[in-house]
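Listed in order, the protein sequences are those of chains A and B.
Under our numbering, think of the first position of the first sequence as 2, with each following residue one higher.
Under our numbering, think of the first position of the second sequence as 3, with each following residue one higher.
Even glycine gets a Cβ: it sits at the ideal position worked out from N, Cα and C.
All values reported here derive from a predicted model rather than from experimental measurement.
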Amino acid sequence: MHRADYVIKRVFFALMTVFVAVTINFLLFRALPGSAVANFSRAPHASPELKATLTHEFGLDQPLWKQYVLYLNQLVFHGNMGVSFADNQPVTGELAGKLGNTIGMVTVGTVLAIVIGVITGFVSAWRRSGAVDAVSTNTAIVFYALPTQFIGMMLIFLFAKYLPTAGMRNEVNNFFSGGNTWSSITDVASHMLLPALTLALTLFGEYTLVVRSSMLETLGEDYVLTARAKGLPQRRIVISHALRNAMLPIATLVALSLGFIVAGAILVEIVFSWPGIGQAVYEAVATRDYPMLQGAFLILTLSVVFFNFIADLIYFKLDPRITE
Amino acid sequence: MKAVEPAIAEGTALEAVPSARGNPVIQVLRERRSALLGFFIVAFFIVLAIVGPSLAPYSWTVPSGPVYAPPSAQHLLGTDGSGVDVLSEMMYGGRTSLIVGFAAALVAMIVGGGIGLTAGYTGGGTDVGLMRLTDYFLVIPDLVLMIVIATVFGPSLSHVILVIGLLLWTTTARIVRSQVKSIRERVYVRRARSLGASHRRIVFQHILPQVAPLLIATTVLTIAYAIFDESALAFLGVGVPGVSWGTMLEHAFERTAMTEGAWWAFVPPGLAIGLVVVGCYLMGQAIEDALNPRLRVAHLSIHSWRVRPAGRVVAPAEEPGG
Numbered sequence: 002m003h004r005a006d007y008v009i010k011r012v013f014f015a016l017m018t019v020f021v022a023v024t025i026n027f028l029l030f031r032a033l034p035g036s037a038v039a040n041f042s043r044a045p046h047a048s049p050e051l052k053a054t055l056t057h058e059f060g061l062d063q064p065l066w067k068q069y070v071l072y073l074n075q076l077v078f079h080g081n082m083g084v085s086f087a088d089n090q091p092v093t094g095e096l097a098g099k100l101g102n103t104i105g106m107v108t109v110g111t112v113l114a115i116v117i118g119v120i121t122g123f124v125s126a127w128r129r130s131g132a133v134d135a136v137s138t139n140t141a142i143v144f145y146a147l148p149t150q151f152i153g154m155m156l157i158f159l160f161a162k163y164l165p166t167a168g169m170r171n172e173v174n175n176f177f178s179g180g181n182t183w184s185s186i187t188d189v190a191s192h193m194l195l196p197a198l199t200l201a202l203t204l205f206g207e208y209t210l211v212v213r214s215s216m217l218e219t220l221g222e223d224y225v226l227t228a229r230a231k232g233l234p235q236r237r238i239v240i241s242h243a244l245r246n247a248m249l250p251i252a253t254l255v256a257l258s259l260g261f262i263v264a265g266a267i268l269v270e271i272v273f274s275w276p277g278i279g280q281a282v283y284e285a286v287a288t289r290d291y292p293m294l295q296g297a298f299l300i301l302t303l304s305v306v307f308f309n310f311i312a313d314l315i316y317f318k319l320d321p322r323i324t325e
Numbered sequence: 003m004k005a006v007e008p009a010i011a012e013g014t015a016l017e018a019v020p021s022a023r024g025n026p027v028i029q030v031l032r033e034r035r036s037a038l039l040g041f042f043i044v045a046f047f048i049v050l051a052i053v054g055p056s057l058a059p060y061s062w063t064v065p066s067g068p069v070y071a072p073p074s075a076q077h078l079l080g081t082d083g084s085g086v087d088v089l090s091e092m093m094y095g096g097r098t099s100l101i102v103g104f105a106a107a108l109v110a111m112i113v114g115g116g117i118g119l120t121a122g123y124t125g126g127g128t129d130v131g132l133m134r135l136t137d138y139f140l141v142i143p144d145l146v147l148m149i150v151i152a153t154v155f156g157p158s159l160s161h162v163i164l165v166i167g168l169l170l171w172t173t174t175a176r177i178v179r180s181q182v183k184s185i186r187e188r189v190y191v192r193r194a195r196s197l198g199a200s201h202r203r204i205v206f207q208h209i210l211p212q213v214a215p216l217l218i219a220t221t222v223l224t225i226a227y228a229i230f231d232e233s234a235l236a237f238l239g240v241g242v243p244g245v246s247w248g249t250m251l252e253h254a255f256e257r258t259a260m261t262e263g264a265w266w267a268f269v270p271p272g273l274a275i276g277l278v279v280v281g282c283y284l285m286g287q288a289i290e291d292a293l294n295p296r297l298r299v300a301h302l303s304i305h306s307w308r309v310r311p312a313g314r315v316v317a318p319a320e321e322p323g324g
């Protein structure tokens with residue numbers, strides 16, 4: 002298969018997935034029996050004008066298929082996802098700010114997890130079957146197995162005296178566009194530390210295990226033997242030959258998991274009241290704010306599709322055999 | 003804890019390949035110590051779930067002491083934020099968590115096994131269609147969809163089981179499918195076919211027994227994800243009504259056990275979930291390794307990465323030779 006064909010195929014798949022996700026989203030909230038509560042115009046405390054506008058925009062008095070067409074039309078051409086039941090504000094605007102907060106925290110957490118994972122996995126593989134390996138591998142498995150919310154609660158228990166465990170709730174939604182003064186930066190950093198650390202601790206285990214097994218695999222390859230036969234120093238063999246090649250599957254793994262991390266950060270955000278998408282999901286569930294829930298689900302699905310698409314491209318770049 | 007054999011040990015891979023006779027699952031448990039450890043952990047919690055509620059010293063719903071009383075002779079694990087005995091809650095809550103874990107894994111096994119078997123055996127258009135469907139399900143963030151569905155339908159035991167089970171079948175389907183595809187072309191299956199065996203006979207007599215151990219390994223791992231997902235749903239308040247390890251964590255969080263210093267309210271359920279997950283992981287991983295040494299190669303294994311809801315990883319949509 003040609004290179005361009007592959008990319009086109011992946012783009013097509015990504016677009017189809019988005020379409021399927023949008024359709025599921027529509028059906029789940031509107032067509033399923035007993036879930037008619039999701040009707041956009043049922044927002045409590047909404048003025049009659051707002052209700053009339055919503056009814057017109059989304060054709061709520063029309064048959065289902067027409068509602069679907071209008072829903073797609075509003076979503077694609079106007080980015081309109083309805084208004085939140087909680088405060089009658091447009092869902093799209095609220096979620097955009099929250100997405101920024103989530104991405105900031107997730108990025109820091111993931112980078113931290115990669116650093117810890119690569120180092121511990123690398124050391125494990127290098128000193129395999131020794132005491133260091135046993136400690137590092139077993140630690141990874143333990144953190145891998147503990148529930149995210151439990152790790153977060155443990156960190157609050159241990160560090161609540163020294164670091165803020167919540168309180169970003171009332172900050173400006175998108176603090177990245179806020180003032181860049183030193184105090185606001187340190188404030189954000191101190192609030193972000195525990196959630197990002199929680200995310201890192203829940204994630205690093207799988208990176209450790211994958212880096213380790215991937216390293217062990219490359220250490221057994223012929224080119225490592227060749228390098229050794231050439232008399233290269235051990236350090237050079239391990240770092241430039243084994244680790245370099247071992248990074249290939251890791252890069253794909255990280256890209257593939259990014260979308261799911263954004264979605265999985267829900268638990269972390271709830272524990273630390275981090276004002277991101279996950280927190281929005283939690284509040285929407287608690288107040289039965291269906292338009293908000295629907296919008297958050299859509300955005301999270303889109304982010305997974307997007308990162309999967311990126312991962313496909315990376316995978317292809319690293320391993321062109323995939324198209325054969 | 004003596005866990006996880008070094009993945010490189012070439013010799014053990016050969017030893018661990020099940021012989022043609024004897025149940026390979028039992029053989030694996032006998033040969034790998036980590037698998038045995040996992041087996042004992044899981045068995046312990048199963049026994050606890052069965053006999054625990056009748057051994058519980060106090061009620062698991064009615065307060066039996068002061069709020070957040072520390073562990074003592076009367077309350078071995080202290081009391082929670084409403085004065086209920088934590089040990090009794092643990093004993094009863096384990097039952098709920100394990101029921102959800104096992105039942106959801108069973109749902110995933112039936113759906114995933116069925117789809118994988120159908121796709122792999124029929125091939126052609128059905129195969130392509132079913133695998134496309136699986137690809138879509140793999141991409142949808144399942145934790146979020148679970149939350150959405152559980153919210154829309156309302157929380158109940160059967161809803162939670164169905165929601166988790168119906169979203170965890172994808173990996174099973176893919177693994178079973180690729181296995182069935184290769185078994186279908188083996189000589190003995192072709193001979194059975196040429197002798198006029200019906201599809202039903204070929205599938206149930208010749209293919210299913212070969213796939214079964216792998217199916218079991220996948221299902222054991224699925225139990226771990228299901229228990230994770232149950233605790234996550236409970237944490238969002240859309241889980242099973244009543245006491246489970248997940249709701250215990252949620253209650254401790256809601257009543258700020260962390261800042262009250264009441265570690266006994268959240269450490270036991272958190273560790274119990276972790277232990278069951280480690281147990282399932284060790285067992286499933288060992289069975290999978292033993293059955294298919296090729297899976298030890300990192301980038302071919304789908305499972306070893308896929309445990310927790312946060313950062314759940316899926317295999318690339320188009321696996322070479324998949």
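Measure how close the beta-carbons of residue 174 of chain B and residue 115 of chain B come, nearest whole angstrom, since I'm counting them as under 8 Å. Here residue 174 of chain B is taken as the residue at index 172 of the second sequence, counted from 1. Here residue 115 of chain B is taken as the residue at index 113 of the second sequence, counted from 1. About 6 Å separates the two Cβ atoms, so the contact holds.
If you measure between the beta carbons of residue 103 of chain A and residue 284 of chain A, is that distance less than 8 Å? Residue numbering aside, residue 103 of chain A sits at position 102 when the first sequence is read from its first letter. Residue numbering aside, residue 284 of chain A sits at position 283 when the first sequence is read from its first letter. No, they are not a contact pair.
Nearest-angstrom beta carbon gap, residue 255 of chain B and residue 272 of chain A [assumed within contact, 8 Å]: Taking the first residue of the first sequence as 1, we reach residue 272 of chain A at position 271. Taking the first residue of the second sequence as 1, we reach residue 255 of chain B at position 253. Indeed they touch by this definition, with Cβ atoms about 7 Å apart.
7 Å Cβ cut-off: residues of chain A touching residue 260 of chain B: Here residue 260 of chain B refers to the residue found at position 258 when the second sequence is read from its first residue. Those are 154, 157, 158 and 161, listed as they occur along chain A.
Quick test of your reading: residue 204 of chain A and residue 114 of chain A, contact by CB under 8 Å. State the CB separation rounded to the nearest angstrom. In the first sequence, the residue the question calls residue 204 of chain A occupies position 203. In the first sequence, the residue the question calls residue 114 of chain A occupies position 113. Between residue 114 of chain A and residue 204 of chain A the Cβ distance is about 4 Å, and since that is below 8 Å, they are a contact.
Can you give me, in chain order, the residues of the stretch 212–246 of chain B that have a beta carbon less than 7 Å from any beta carbon in chain A? 230, 233, 234, 237, 238, 239 and 240
Chain B beta carbons: is any one of them nearer than 8 Å to that of residue 283 of chain A? The sequence position of residue 283 of chain A within the first sequence is 282, counting from 1. For residue 283 of chain A, the answer is yes, since a Cβ of chain B falls inside 8 Å of its Cβ.
Terminal residues of the alpha helix (DSSP H) in which residue 161 of chain B lies: Within the second sequence, residue 161 of chain B is the residue found at index 159, counting from 1. Per DSSP, residue 161 of chain B belongs to the alpha helix (DSSP H) from 159–167.
Chain A residues whose Cβ lies nearer than 9 Å to that of residue 197 of chain B: The residue given as residue 197 of chain B occupies position 195 in the second sequence. Within chain A, no residue comes near residue 197 of chain B; the closest Cβ sits about 36 Å away, beyond 9 Å.
Taking residue 289 of chain A as the reference, give the member of B/76, B/35 and B/156 with the closest Cα. For this step, residue 289 of chain A is matched to residue 288 along the first sequence. Checking every option, the nearest Cα to that of residue 289 of chain A belongs to B/156.
So residue 111 of chain B packs on residue 217 of chain B, CB below 8 Å; how close in whole Å? The residue you call residue 111 of chain B lines up with position 109 of the second sequence. The residue you call residue 217 of chain B lines up with position 215 of the second sequence. About 6 Å; that satisfies the 8 Å criterion.
If we call anything under 8 Å between Cβ atoms a contact, is residue 334 of chain B one with residue 170 of chain B? Nothing about residue 334 of chain B can be reported from this structure: the residues present for chain B run from 3 to 324 only.
State the Cα-Cα distance for the pair residue 24 of chain A and residue 295 of chain A, rounded to the nearest angstrom. Numbered from its first residue, the first sequence carries residue 24 of chain A at position 23. Numbered from its first residue, the first sequence carries residue 295 of chain A at position 294. Distance between the alpha carbons of residue 24 of chain A and residue 295 of chain A is about 11 Å.
Threshold first: 4 residues or longer. Then list the alpha helix (DSSP H) segments lying entirely within the stretch 161–230 of chain B, N to C. 172–186 and 189–196
Whole-Å CB distance - residue 262 of chain A paired with residue 279 of chain A, under 8 Å assumed: Within the first sequence, numbered from 1, the residue matching residue 262 of chain A stands at position 261. Within the first sequence, numbered from 1, the residue matching residue 279 of chain A stands at position 278. Actually they do not touch by this definition, with Cβ atoms about 11 Å apart.
Under the rule that 16 or more other beta-carbon atoms within 10 Å means buried, what is residue 99 of chain A, buried or exposed? For the purposes of this step, residue 99 of chain A is taken as the residue at position 98 of the first sequence. It is buried - the Cβ of residue 99 of chain A has at least 16 other Cβ atoms within 10 Å.
What residues in the stretch 267–285 of chain B bring their beta carbon closer than 7 Å to a beta carbon of chain A? 268, 272, 275, 276, 279, 280 and 283
Quick check on residue 303 of chain B: buried or exposed, where buried means 16 or more other Cβ atoms within 10 Å of its Cβ? Stepping through the second sequence from its first residue, residue 303 of chain B is reached at position 301. Confidence at residue 303 of chain B is low in this model, with a pLDDT of 41, below 50, so its placement is unreliable and no value can be given for it.
At the level of alpha carbons, what is the spacing between residue 123 of chain B and residue 215 of chain B? In the second sequence, counting from the first residue as 1, residue 123 of chain B sits at position 121. In the second sequence, counting from the first residue as 1, residue 215 of chain B sits at position 213. Cα to Cα, residue 123 of chain B sits roughly 18 Å from residue 215 of chain B.
Name the chain B residues that come within less than 8 Å of residue 198 of chain A, Cβ to Cβ? The sequence position of residue 198 of chain A within the first sequence is 197, counting from 1. Ordered by position in chain B, no residue passes the 8 Å Cβ test against residue 198 of chain A, which lies about 13 Å from the chain.
Have a look at residue 242 of chain A and residue 213 of chain A and give me their C-alpha separation to the nearest angstrom. Looking up residue 242 of chain A in the first sequence gives position 241. Looking up residue 213 of chain A in the first sequence gives position 212. About 15 Å.
Proximal residues of chain B, C-beta to C-beta of residue 235 of chain A below 9 Å: For the purposes of this step, residue 235 of chain A is identified with residue 234 of the first sequence, where counting begins at 1. Chain B residues near residue 235 of chain A: none, gap ~17 Å exceeds 9 Å.
Return the chain-ordered list of same chain residues with a C-beta closer than 6 Å to the C-beta of residue 299 of chain A, the five sequence neighbours on each side being excluded. Counting from one through the first sequence, the residue named residue 299 of chain A turns up at place 298. Cβ neighbours of residue 299 of chain A beyond the five flanking positions: 26.
Interface residues of chain A around residue 48 of chain B at Cβ under 8 Å? Reading the second sequence from its first residue, position 46 is the one you call residue 48 of chain B. Under the 8 Å cutoff, chain A gives no residues; its nearest Cβ is about 17 Å from residue 48 of chain B.
Between the alpha carbons of residue 240 of chain B and residue 206 of chain A, how many angstroms are there, rounded? Taking the second sequence and counting its residues from 1, the one referred to as residue 240 of chain B is at position 238. Taking the first sequence and counting its residues from 1, the one referred to as residue 206 of chain A is at position 205. Answer to the nearest angstrom: the Cα atoms are 28 Å apart.
Is the separation between the beta-carbon of residue 238 of chain A and that of residue 228 of chain A shorter than 8 Å? To locate residue 238 of chain A, count along the first sequence from 1; it is residue 237. To locate residue 228 of chain A, count along the first sequence from 1; it is residue 227. Yes, the Cβ-Cβ distance between residue 238 of chain A and residue 228 of chain A is below 8 Å.
Within chain A, the residues that residue 173 of chain B reaches when beta carbons sit closer than 8 Å: Position 171 of the second sequence holds residue 173 of chain B. Per Cβ cutoff of 8 Å: no residues; residue 173 of chain B is ~13 Å from chain A at best.
Ignore the nearest five residues each way along the sequence and tell me which others in residue 256 of chain A's own chain have a CB closer than 7 Å to its CB. Walking along the first sequence from the start, residue 256 of chain A turns up at place 255. Same-chain partners within the cutoff: 308, 311, 312 and 315.
When B/40, B/181, B/269 and B/105 are compared against residue 231 of chain B, the one with the closest alpha-carbon: Taking the second sequence and counting its residues from 1, one reaches residue 231 of chain B at position 229. The candidate whose alpha carbon is nearest that of residue 231 of chain B is B/105.
Pick helix, strand or coil for residue 144 of chain B, following the three-state DSSP scheme. Translated into positions along the second sequence, residue 144 of chain B becomes position 142. Helix, per DSSP.
Is it true that the stretch 130–148 of chain B meets the stretch 4–12 of chain A, where meeting means three or more beta-carbon pairs spaced less than 8 Å apart? no
Which one of A/221, A/146, A/76 and A/75 has the shortest CA to CA distance from residue 227 of chain B? Counting from one through the second sequence, the residue named residue 227 of chain B turns up at place 225. Among A/221, A/146, A/76 and A/75, the Cα nearest to that of residue 227 of chain B belongs to A/146.
Secondary structure at residue 203 of chain A, three-state DSSP: helix, strand or coil? Counting from one through the first sequence, the residue named residue 203 of chain A turns up at place 202. Three-state result, residue 203 of chain A: helix.
Counting contacts by CB-CB distance shorter than 8 Å, is residue 298 of chain A in contact with chain B? Counted from its first residue, the first sequence places residue 298 of chain A at position 297. Yes, residue 298 of chain A counts as interfacial toward chain B.
List the endpoints of the continuous alpha helix (DSSP H) containing residue 138 of chain A. As a working note, residue 138 of chain A is residue 137 in the first sequence. Per DSSP, residue 138 of chain A belongs to the alpha helix (DSSP H) from 132–146.
So for residue 276 of chain A, helix, strand or coil by DSSP? Numbered from its first residue, the first sequence carries residue 276 of chain A at position 275. Coil at residue 276 of chain A, not helix or strand.
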